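>
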Amino acid sequence: MSKILVTGGAGFIGSHLCERLLAEGNEVYCLDNFFTGQRRNIKHLLTNKNFTLIEHDIIDPFYLDLPIDQVYNLACPASPVHYQQNPIRTVKANTKGMINMLGLAKAKKARLLQASTSEVYGDPEVHPQPENYKGSVNCLGPRACYDEGKRVAETLCMDYHREHNLDLRLVRIFNTYGPRMHPDDGRVVSNFILQALRHQPITIYGDGSHTRSFCFVDDNVEGLIRMMNQSKETGPVNIGNPDEVTMSELANQVIKLIGTSSKTVYKKLPEDDPKRRQPDITKAKELLDWQPTTPLQVGLTKTIAYFQTLVDPAA
Ligand code: NAD
Ligand code: UDP
72 MSKILVTGGA GFIGSHLCER LLAEGNEVYC LDNFFTGQRR NIKHLLTNKN
122 FTLIEHDIID PFYLDLPIDQ VYNLACPASP VHYQQNPIRT VKANTKGMIN
172 MLGLAKAKKA RLLQASTSEV YGDPEVHPQP ENYKGSVNCL GPRACYDEGK
222 RVAETLCMDY HREHNLDLRL VRIFNTYGPR MHPDDGRVVS NFILQALRHQ
272 PITIYGDGSH TRSFCFVDDN VEGLIRMMNQ SKETGPVNIG NPDEVTMSEL
322 ANQVIKLIGT SSKTVYKKLP EDDPKRRQPD ITKAKELLDW QPTTPLQVGL
372 TKTIAYFQTL VDPAA
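Residue numbers (our numbering): 72 to 386.
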């Protein structure tokens with residue numbers, strides 16, 4: 072049994088990670104400030120004797136009077152709508168907050184896994200994106216608080232690793248979806264599903280040709296845990312699903328699966344919206360023997376069932 076701190080543990084990915092770590096018999100400390108996390112995500116874990124909720128903001132210093140073996144650092148708003156709501160706080164979470172969590176891991180001699188992102192590649196000129204691609208980020212745009220924030224967070228991680236010998240694991244997560252996504256996060260999967268369930272217009276930004284590659288959350292969590300528990304490499308390692316789809320294709324799949332009367336409408340593209348995104352997961356396959364196993368249709372069906380319970384709790 073390990074003692075594991077999961078920051079952002081009440082969020083979408085964090086809550087699935089806490090659940091899985093508890094199921095494997097670990098003692099889990101879930102730290103969250105509930106900015107985008109939801110209490111309903113972890114409600115079922117509160118009665119587990121191995122689960123402790125700590126309400127705290129990583130931007131403020133944090134001390135724990137306990138030994139800790141591992142830290143998964145997920146605390147940061149992840150959707151463009153949320154991270155642009157208070158961009159300065161997003162930068163702070165990735166700088167002050169990152170330093171606080173690195174300092175904690177150093178003091179506890181714990182291994183720290185940083186949840187970085189495909190956004191470090193920006194609007195990529197290389198496709199698919201391997202880990203050695205250095206990225207194309209507009210440091211002046213509205214996405215920069217997150218993209219540049221996560222880039223400097225990676226830099227801080229590497230500096231703590233080199234300067235203090237911190238035991239580090241770096242993971243670059245690509246678009247992940249599944250039950251417990253925040254209904255107001257404005258992300259494409261949650262937007263399309265909710266719009267379809269409510270028979271409202273499905274909002275495609277741009278002409279529908281932009282692409283993303285969607286990884287189901289269970290596959291993502293498996294990748295994070297495998298990366299944390301291997302001892303060969305610091306990373307970074309891409310964790311994502313290489314199956315690339317256009318937003319038009321995604322809209323059609325959601326419409327078909329839900330059988331909605333919704334029609335697609337076209338809206339202005341957000342500034343700096345990356346045109347294409349697809350992970351090169353060669354490294355994850357070789358190092359972790361990991362690849363996603365959930366087809367998009369299966370993952371979407373599970374996600375639709377979750378959102379159905381929010382739209383119509385009696386169903
Ligand atoms: P999420 O917004 O659901 O979860 C983030 C959690 O962190 C929330 O519970 C939130 O309340 C908490 N949080 C935010 N700022 C905090 C702070 N200052 N102090 C304490 N807690 C704070 O997002 P998610 O999709 O679960 O993403 C989790 C992590 O994975 C994030 O770091 C994100 O950048 C990374 N990631 C996610 C995706 C994705 O597609 N979901 C893709 C790439 C990277
Ligand atoms: N998108 C869309 N309609 C929506 C929400 C998003 O067409 O209602 C597009 C968005 O412009 C982008 C893609 O879907 O091209 C993925 O957006 P999301 O916010 O989910 O993630 P990210 O851009 O961070 O990958």
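Just so you know, even glycine gets a beta-carbon here, dropped at the ideal spot from N, CA and C.
Note that the coordinates shown come from a computational prediction; the quantities given were computed from them, not determined experimentally.
Please name the residue in D344, K373, Y143 whose C-alpha comes closest to that of D238.
Y143
> Return the residue from the list E196, L184, P213 that minimises the CA-CA distance to T161.
P213
> In angstroms with no decimal places, state the Cα-to-Cα distance between A322 and K180.
46 angstroms
> Buried or exposed: where does P345 fall if 16 or more other Cβ atoms within 10 Å of its Cβ makes it buried?
Buried.
> Whole beta strand (DSSP E) runs in the region 207 to 273 with 3 or more residues, listed along the chain?
239 to 244
> In whole angstroms, give me the CA-to-CA distance for A215 and S187.
14 angstroms
> Let me know if T364 comes out buried or exposed under the rule of 16 or more other beta-carbons within 10 Å of its beta-carbon.
exposed
> For H232, collect the residues of the same chain with a Cβ closer than 7 angstroms to its Cβ; drop the 5 residues on either side in sequence, then sort them by chain order.
L239, T305
> Going by DSSP, which residues form a beta bridge with T188?
I244
> Can you tell which of P254, Y276, G277, C89 has its C-alpha closest to the C-alpha of R269?
P254
> Does DSSP put E95 in a helix, in a strand, or in coil?
coil
> Let me know the beta strand (DSSP E) ranges lying completely inside the region 119 to 167, each 3 residues or longer, listed in chain order.
Correct list: 122 to 126, 141 to 144.
> Within 10 Å of its beta-carbon, does A149 have 16 or more other beta-carbons around it, so buried, or fewer, so exposed?
buried
> Just the C-alpha distance for H115 and L184, rounded to the nearest angstrom, thanks.
25 angstroms
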